[in-house]
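If you're matching positions, the sequence shown starts at 16 in this note's numbering and goes up one per residue. Backbone N, C-alpha and C fix where the C-beta goes; we use that ideal spot for every residue, glycine too. As the structure is a computational prediction, the values presented were derived from the model and not from experiment.
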Amino acid sequence: MSSTASVLTSLVTLGPVSAIPEGEGRTYVVDGRRLAVFRGRDGALFATQADCPHKQGPLADGLLGGGTLICPLHSLKFDLSTGKALNGECSLQVYDVTLSDSGQVMVEF
Ligand code: FES
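As C-alpha cells, this is what we get:
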C-alpha cells in the first residue's frame, strides 16, 4: 500500500513591501513557522525558509544581489529562485511570493 503526502499551503499577507528595504531581507513568523522575504534592488521579491540549512544562519541578514543570497555565517551562496546552493550541497525551501495592488507582500506558505 502506498500513500501520498500533501502539503497544504495558503496565501498569507505579510504586510507592506515598504517594510523591506531594497537590497535586504526580513524574517517573518506565520503560525510559528519562520520564513524570510527578500527585496532586490530591482524590486524582485523572493521568499525562502528563514534559517540556513547548513547551520541555521539567519538568511535574512545575508548579502543579496542579482537573485542570489550569501549566508552571513559561512558564505554558502543560494539561487533565490530555485533555492539551490551554488557552492554547496544543501538547498533552500522557496515559496511563491507576489505583491498585491495595494503593495502588500503575499506568500504561498
Ligand atoms: S549557516 Fe549558512 S552557510 Fe553555514
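Notebook entry, point to check: Terminal residues of the continuous beta strand (DSSP E) containing Pro31?
Noted result: Leu26 to Pro31
Notebook entry, point to check: In whole angstroms, what separates the C-alpha of Gly47 from that of Gly72?
Noted result: 18 angstroms
Checklist line | Separation of Ala100 from Ala65, as counted between CA atoms | finding: 15 angstroms
Note to self: For Asn102, which residues in the same chain have their Cβ closer than 7 angstroms to its Cβ, ignoring the five residues on either side in sequence?
What the structure shows: Leu91 and Lys92
Item checked: Segment limits, beta strand (DSSP E) that includes Lys130 -> Since the displayed the chain opens at 16 and closes at 124, residue 130 lies outside it and no answer follows.
Margin query: What would DSSP say about Asp76, mapped onto helix, strand or coil?
Written below: helix
Next item on the list: Round the Cβ separation of Ala62 and Val109 to the nearest angstrom and send it over; I've been treating them as touching at under 8 angstroms.
Entry: 7 angstroms
Notebook entry, point to check: Using CA coordinates, which residue listed in Leu88, His89, Gly30 and Gly81 is at the minimum distance from Ser96?
Noted result: Gly81
Margin query: Suppose the cutoff is 8 angstroms on Cβ atoms and the five residues either side in sequence are ignored; what does the same chain contact list for Ser25 look like?
Written below: Glu123 and Phe124
Check: According to the neighbour-count rule (16 or more other Cβ atoms, all chains shown, within 10 Å of its Cβ), is Ser115 buried or exposed?
Finding: exposed
Notebook entry, point to check: Terminal residues of the continuous beta strand (DSSP E) containing Lys92?
Noted result: Lys92 to Asp94
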